[in-house]
Every structure is written in structure tokens, then in C-alpha cells.
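Undergrad: Chains as they are written, first to last, in our numbering: chain A, 1 to 222; chain B, 1 to 222.
There are 2 protein chains.
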Amino acid sequence: MSHSQDMLRTNTAFLQFVEQLFEDKQAGNTIQLKSFAAGAHLIRQGSIISQVYIIREGITKCYIAEDNGKDYIFEFLGPGEITGELEAINKGACLSNITAITPVTVFAIPHDRFMALLRSYPEFNELLLKVLAARIYQTCIRTSYQQLYPVEYALLRLLALEASQQTFFSKKDMAAYLGISVRSFNRTLKDLREKNILDKKGLNIDLSKEQLEQMIKRFEEA
Amino acid sequence: MSHSQDMLRTNTAFLQFVEQLFEDKQAGNTIQLKSFAAGAHLIRQGSIISQVYIIREGITKCYIAEDNGKDYIFEFLGPGEITGELEAINKGACLSNITAITPVTVFAIPHDRFMALLRSYPEFNELLLKVLAARIYQTCIRTSYQQLYPVEYALLRLLALEASQQTFFSKKDMAAYLGISVRSFNRTLKDLREKNILDKKGLNIDLSKEQLEQMIKRFEEA
DNA sequence: AATTAAACGGGACATTTGTCTCACTCCCAG
DNA sequence: CTGGGAGTGAGACAAATGTCCCGTTTAATT
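1. Roughly how many whole angstroms lie between the Cα atoms of H41(B) and S164(B)?
2. Can you name, in chain order, every residue of its own chain whose Cβ lies under 7 Å from the Cβ of Q20(A), other than the five neighbours on each side?
3. I'd like to know whether the C-beta atoms of N11(B) and G80(B) end up nearer to each other than 9 Å.
4. If you compare alpha carbons, which of C94(B), A100(B), A65(B) is closest to S35(B)?
5. For G78(A) and C94(A), I'd like the C-alpha separation in whole angstroms.
6. I'd like to know whether the C-beta of I109(B) is nearer than 9 Å to at least one C-beta of chain A.
7. For L33(B), count neighbouring C-beta atoms within 10 Å of its own C-beta (all shown protein chains included) and say buried if the count is 16 or more, exposed if not.
8. At the 9 Å Cβ level, is Y137(A) part of the contact set with chain B, yes or no?
9. Over what stretch of residues does the alpha helix (DSSP H) that includes P122(B) continue unbroken?
10. With Q146(A) and L192(A) assumed to form a contact (beta carbons below 8 Å), what rounded beta-carbon distance in angstroms separates them?
11. Could you tell me which of Y137(A), Q138(A), T143(A), F185(A) sits nearest to L159(A), measuring between CA atoms?
12. Looking at the unbroken beta strand (DSSP E) that takes in S223(A), where does it start and where does it end?
13. Mapping the DSSP letters down to three states, classify K34(A) as helix, strand or coil.
14. If K130(B) and I89(A) are in contact, beta carbons under 8 Å, what's the gap, nearest whole angstrom?
15. If you measure from the beta carbon of A134(A) to each beta carbon in chain B, is any gap under 9 Å?
16. Quick one: grab the DSSP three-state call for E81(A).
17. Give a yes or no on whether 9 Å exceeds the smallest Cβ distance from G58(A) to chain B.
18. So is T10(A) in contact with chain B if we call contact Cβ pairs under 9 Å?
19. Beta-carbon separation of A108(A) and Y53(A) under 9 Å?
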């Protein structure tokens with residue numbers, strides 16, 4: 001379930017469940033719809049929030065801004081993904097920023113209501129467990145290969161994911177996702193182009209799936 | 001709750017709960033005790049397991065071994081920490097290796113039993129939610145500063161944690177925890193010694209808490 | 001159409017990190 | 001006591017990455 005390596009995470013099952021709750025006059029009366037323009041903050045790191053958001057439409061990025069001015073993007077969240085749940089569970093200040101990349105609409109559920117839902121709908125509880133488990137899973141895998149493989153490799157994976165998902169992010173965001181500077185990002189792109197692995201022009205991987213897998217295998221052996 | 005930045009994670013509440021279950025003849029009859037010698041594998045990456053383990057005693061390390069021969073340690077798990085829960089929730093192969101650093105004893109609970117416990121004990125369910133949330137929280141924070149700050153800074157934090165917890169790991173493990181080579185680890189240690197931040201001899205931070213905080217602040221401003 | 005801000009691409013140089021290597025110590029099994 | 005293996009420490013060099021900078025392109029607004 002949702003174990004596939006995604007740069008942009010989505011969760012249809014979760015979205016459907018919340019959608020249904022929202023439709024239900026009884027259960028849904030504390031659930032609000034909210035909209036955010038592209039670039040707007042849904043959640044600000046360090047602030048206190050009293051609701052969880054489930055993304056109904058649009059794409060957001062979830063990142064920590066360090067004091068030295070650098071950002072690290074953990075994930076791009078799309079429809080069906082929840083944010084602010086850590087804060088609901090542990091009652092702390094917000095871990096990260098969430099900002100809208102495209103225009104976004106969300107379901108907003110107050111914390112106490114959210115916790116009550118978990119208790120009254122075991123199915124919902126289990127969906128959340130799966131979401132959290134999947135996040136840990138993904139984060140571990142990603143962190144590990146970003147630390148232990150050259151950037152070139154991580155970048156290739158990133159581009160492959162981007163291509164397969166038909167989504168496109170700014171270079172700045174992609175660099176922040178990889179935890180490197182934009183300069184390094186560009187440099188690596190150039191290297192890959194010179195090796196004829198990428199289009200001269202853009203970001204399209206100039207390889208078949210088989211070839212890409214071979215590339216990656218080669219990296220792993222080296 | 002357990003938000004403090006720990007290198008060695010422990011969880012008293014969780015341990016107590018499982019301990020009680022184990023004592024209870026009715027509920028505990030499917031819970032086994034298992035022991036592992038130092039260095040033994042509790043869980044092998046990629047394998048299939050059918051139980052979750054809750055550490056009763058001892059220290060383990062949780063790491064991914066990449067194909068290029070490098071390891072990345074996510075966390076050191078101590079008493080009360082659970083492992084194998086991701087696999088119970090998502091039914092996949094094991095994400096990571098767990099090996100015993102010291103002799104270890106664990107409670108072993110079969111997957112189906114574990115999932116049943118979550119349903120029948122809301123309190124247990126909530127404890128698990130908190131554990132998962134705390135892991136995400138910690139992982140995000142750590143990943144971010146390891147990517148965005150110089151190694152020197154991450155290393156200082158690591159040593160401070162080690163000192164405050166009175167735990168000591170091999171250099172190899174500490175390097176794997178930081179995602180760097182042992183060589184870099186040593187080099188950075190040497191630099192810190194030359195700057196009179198560390199003991200000439202060993203790994204003790206040669207600063208008061210206030211001084212250390214100042215150091216870290218200086219890093220953050222730079 | 002003109003203006004501005006942001007994104008992009010890359011040169012030059014400094015710094016950081018990895019790889020390879022060798023030497024030293026310690027401990028333990030033979 | 002002794003040889004081997006693991007852990008440790010560091011020199012020398014190569015490779016990767018960051019910083020600073022500037023010119024170009026693109027997109028949005030006036």
C-alpha cells in the first residue's frame with residue numbers, strides 16, 4: 001500500500017474517507033473547506049495550530065527552514081495527504097512549513113474532532129497508521145540514499161520520478177529536496193547532459209526504462 | 001512527550017504497557033521473550049517477519065545497508081522502543097537491519113496479535129501513534145540539519161547527546177549515524193580539538209552547557 | 001512596449017569530504 | 001607469547017560541493 005517511491009505523495013483512500021465524512025451532515029459539520037493561493041502558507045514552522053488539514057486539491061511542499069537561511073524539503077504533498085497530524089498527536093509546535101505550490105483547497109478538522117474521529121472510526125485510525133508508517137518508510141529510504149550515494153544518483157532518481165508523475169518543480173525546490181545548493185544541482189545536470197544521459201535541452205531523461213535501471217545498477221556497483 | 005532530541009531512543013510508557021500485557025496470563029499468552037547476543041541480528045533488511053519486537057533491555061541499532069557497502073544508521077533503540085511495526089502495518093519486507101549492540105531481550109508479538117491489540121486497547125493504539133509521530137518528528141529534524149549544516153555542527157550535537165546520555169558508541173557507528181566516512185569523522189574531531197572545543201584526549205566536550213549553546217548559536221548565525 | 005523581479009546557467013575559487021594507504025594499539029584465540 | 005583482526009588516527013591526493021559572482025532568459029506588471 002502506497003509503498004511506491006513517490007516524490008509527490010497522494011492518498012486516494014484517505015481522501016475518499018474524508019470526502020465522505022464531509023458530505024455526511026452529522027459527522028461533517030465540524031469540517032471546513034479552506035483555500036490557499038499559490039505561494040501561501042498553510043502552516044508556519046514553530047507556530048501553534050488547532051486543526052489538521054487534508055489536501056483536497058493542489059500541491060504543497062513541506063519543508064524546514066533552518067536558521068542559516070537554507071531550506072530542506074521533506075516531501076511534496078498532493079490530494080489525500082494530511083498535514084498537521086503530528087501536532088495533533090503530540091501537541092507541539094509545528095515542525096515544518098507547508099506552503100501551496102499550486103492553488104490548494106483543504107479540509108480542515110479541529111484537533112479534538114480529529115482525535116475523536118480516530119477513536120470512533122477504526123478504519124480511519126488504520127488509514128492514519130498506514131500513512132505514518134509509509135512516511136517513515138519513505139523518509140528512511142530517501143535519507144539513506146541521499147547520504148550514501150553521490151548526488152548524481154539521487155538526481156537521476158528524482159528526474160525519473162518527476163517524469164513518471166508528469167509533475168514539474170522549480171530548480172530551487174528540487175535542490176532543496178535533494179539537500180544541495182542550486183549550483184550543485186545545475187552542475188550535476190550539466191554533467192549528466194555531457195554524458196548523454198539527459199536531453200541537451202531540458203530535464204528529460206534520454207534513456208529507456210531499462211537503460212535507466214542499468215545506470216542505477218552501475219551506480220550501485222561502483 | 002518524548003520530543004527531546006535523543007540519539008538513543010527509549011519509551012517507558014510503551015515498555016510498561018507491554019510489560020503488563022505480558023504479565024497478564026490471558027492477554028500475554030502469545031507474547032514471547034527472546035534474547036540476542038551482542039552483534040546478533042534481530043531483523044534483517046529485506047526479509048519477511050511475522051512479529052514485532054519491543055525491546056525490554058539492551059541497545060540496538062537500526063540501519064539500512066546500501067548496495068555500495070555503506071550503512072546509514074537511523075536510530076539507536078533502547079528499552080520500550082518497538083521495531084518491525086512498519087512491516088506489521090504495511091505488510092512489506094523489512095526496511096532495515098536491527099542488530100544488538102549490547103545483549104538484548106525483547107518481547108515478541110505476532111503481527112495479527114499486535115494488530116488485534118491495537119484495536120482492543122485504544123490506549124495502546126494511542127501510544128503507537130505517538131511513537132510513530134515522534135519518529136517522524138525526530139527524523140525530519142535530524143535529516144534537515146545533517147543536510148544543511150556542516151558536519152562539525154552535527155558532530156557537536158551528537159557528542160553533546162552522547163555525553164548527556166552517558167552512552168558510548170564506536171566511531172564507525174557514530175560516522176554511520178552522521179552519514180559520513182570514518183575519515184571525515186576523525187578529521188572533524190581533530191579540528192574541534194584544535195579549536196579547543198574538545199578534550200585533547202577523547203570525546204568529551206570541553207565546554208559548559210552555556211558555552212556549547214553559544215557555539216551552536218554561532219554556527220547557526222554563520 | 002518598457003520595467004522589474006525572479007529563475008536560470010555557469011565560471012572561478014575555496015572548502016569539504018571521500019578514497020586509499022599506512023602505522024599504531026589493543027585484545028583475544030591459538 | 002604471538003599472530004591476526006578490529007578499532008583507531010592521520011597524510012596525500014582526488015572528487016564533490018559550496019560560495020560568490022555576473023550575464024541571460026523568462027514571466028509578470030505597469
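Don't be surprised by glycine CBs; every beta carbon is placed ideally from N, CA and C.
TA: Taking the geometry as given:
1. Taking the first residue of the second sequence as 1, we reach residue 41(B) at position 41. Taking the first residue of the second sequence as 1, we reach residue 164(B) at position 164. Taking the straight line from one Cα to the other gives about 28 Å.
2. Position 20 of the first sequence, counted from the start, is the residue given in the question as residue 20(A). Taken in chain order, the list of residues that qualify is empty.
3. As a first step, residue 11(B) must be located in the second sequence, where it is residue number 11. As a first step, residue 80(B) must be located in the second sequence, where it is residue number 80. Cβ atoms of N11(B) and G80(B): closer than 9 Å.
4. Counting from 1 along the second sequence, the entry for residue 35(B) is found at position 35. Closest option to S35(B), Cα to Cα, is A100(B).
5. In the first sequence, counting from the first residue as 1, residue 78(A) sits at position 78. In the first sequence, counting from the first residue as 1, residue 94(A) sits at position 94. Near 19 Å, if we compare the C-alpha coordinates of C94(A) and G78(A).
6. The residue you call residue 109(B) lines up with position 109 of the second sequence. No, I109(B) lies away from the interface with chain A (no Cβ there is under 9 Å from its Cβ).
7. What you label residue 33(B) is simply residue 33 of the second sequence in a count that begins at 1. L33(B) comes out exposed.
8. As a working mapping, residue 137(A) is identified with position 137 in the first sequence. Interface residue, yes.
9. Sequence index remark: in the second sequence, residue 122(B) carries index 122 (1-based). P122(B) -> alpha helix (DSSP H) spans 122-148.
10. As a position in the first sequence, residue 146(A) is number 146, starting the count at 1. As a position in the first sequence, residue 192(A) is number 192, starting the count at 1. Incorrect: roughly 17 Å between the Cβ atoms, too far for contact.
11. On the first sequence, residue 159(A) is found 159 positions in, with the first residue counted as 1. Its Cα nearest to that of L159(A), the residue F185(A) stands out among Y137(A), Q138(A), T143(A), F185(A).
12. With chain A covering 1 to 222 only, the question about residue 223(A) has no answer from this structure.
13. By 1-based counting over the first sequence, the position of residue 34(A) is 34. Reduced to three states, the DSSP call for K34(A) is strand.
14. Against the second sequence, residue 130(B) aligns to sequence position 130. Against the first sequence, residue 89(A) aligns to sequence position 89. Rounded, the Cβ-Cβ distance is 6 Å, consistent with contact.
15. In the first sequence, counting from the first residue as 1, residue 134(A) sits at position 134. Interface flag for A134(A) against chain B is set, since a Cβ pair is found closer than 9 Å.
16. In the first sequence, the residue the question calls residue 81(A) occupies position 81. E81(A) falls in the coil class under three-state DSSP.
17. Along the first sequence, read from residue 1 onward, the residue named residue 58(A) stands at position 58. No, its Cβ sits nowhere closer than 9 Å to a Cβ of chain B.
18. Within the first sequence, residue 10(A) is the residue found at index 10, counting from 1. Taking Cβ atoms only, chain B never reaches closer than 9 Å to T10(A), which makes this a no.
19. Locating residue 108(A) in the first sequence gives position 108, where the first residue counts as 1. Locating residue 53(A) in the first sequence gives position 53, where the first residue counts as 1. In contact: A108(A) and Y53(A) (Cβ atoms closer than 9 Å).
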